[in-house]
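Chemist: 1 is the number of the first residue of the sequence shown in UniProt numbering; add one for each residue after it. Just so it is clear, CB atoms sit at the ideal spot from N, CA and C, and this is done for glycine as well. All values reported here derive from a predicted model rather than from experimental measurement. Pasting in a structure now, in structure tokens, and then I'll have a few things to ask.
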Amino acid sequence: WTVMLGRRDSTTASLSAANNNIPSPASSLSTLISSFQAHGLSTKDLVALSGAHTIGQSRCAFFRTRIYNETNIN
């Protein structure tokens, strides 16, 4: 079967479901917690999954302003 999006071991894929269920990199902590809780996941799950998906992958542009409160990072 042809699966345009998603995993090869799935029979369906939905771009809208992915866009509606995967939090934005710019989501606030409270938004992330709410999103994970809506899927039956705990704050501990949030930390574990977020860390596993960002270690070595995140770019400074996504979080530098939140850490240093900078508006001009160039």
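Roughly how many whole angstroms lie between the Cα atoms of Ser-16 and Ser-24?
Modeler: In a straight line, the C-alpha of Ser-16 is about 14 angstroms away from that of Ser-24.
Chemist: In three-state terms, what does DSSP make of Leu-41?
Modeler: In this structure, Leu-41 counts as coil in the three-state DSSP scheme.
Chemist: Quick check: the Cα distance between Leu-32 and Leu-46, rounded to an integer number of angstroms?
Modeler: Answer to the nearest angstrom: the Cα atoms are 8 angstroms apart.
Chemist: Helix, strand or coil, according to DSSP, for Ala-61 in the structure here?
Modeler: DSSP places Ala-61 in helix when its eight states are reduced to three.
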